[in-house]
Each structure stands twice: as structure tokens, then as C-alpha cells.
Amino acid sequence: MLLSFHPTSSSATCKQRCLNGGRCVLPDQCFCRRGYKGLTCAIKVRGQASLA
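Every letter in the sequence shown is one number past the one before it in numbering that gives the first Met the number 0, and letter 43, counting from 1, is 42.
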């Protein structure tokens, strides 16, 4: 599991804008800030559900 990723290239371009502070790190791939997920970081992550 990838826990941390710190992109070094700033030349990537995304057709759709990365939202909620996300950054375009690869062509059409956003790196989302904590609390967001999805292709453009548009989905807010809620608290983790209990499996019990």
C-alpha cells in the first residue's frame, strides 16, 4: 500500500482540473490532499467505517 507520495515533476497536465487542493502529478492523474479521493479529488472521504 502506498502511504506517501511526493511528486517531483511539475510538467504533468490534466485535462480536468484537480479539485480541493489536489495536484496534477502524471498525465490526467491527480494527487489528492488528505480527506479527498477520486480522479479529480472531488470525493470527500468520510470517517472509516467499522467492519465489526
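From the three backbone atoms N, C-alpha and C, an ideal C-beta is built for every residue, glycine too.
Which value, in whole angstroms, describes the spacing of the CA atoms of residue i and residue j?
| i | j | result |
| --- | --- | --- |
| Gly21 | Thr39 | 7 Å |
| Phe30 | Gly46 | 20 Å |
| Arg16 | Lys36 | 14 Å |
| Asp27 | Arg33 | 19 Å |
What is the C-beta distance between residue i and residue j, in whole angstroms, given that I count them as a contact (C-beta under 8 Å)?
| i | j | result |
| --- | --- | --- |
| Ala41 | Val24 | With a Cβ gap of about 16 Å, Ala41 and Val24 do not count as contacting. |
Is residue i close to the ligand MG? I mean its beta-carbon at under 7 Å from any heavy atom of the ligand.
| i | result |
| --- | --- |
| Arg33 | Absence of the ligand MG from the depicted structure is noted, as is the absence of any ligand whatsoever, leaving it without description. |
For residue i, which three-state DSSP category applies?
| i | result |
| --- | --- |
| Leu25 | strand |
| Val14 | Correcting the residue type first, residue 14 is Lys in the shown sequence and not Val. The answer is coil: DSSP assigns Lys14 none of H, G, I, E or B. |
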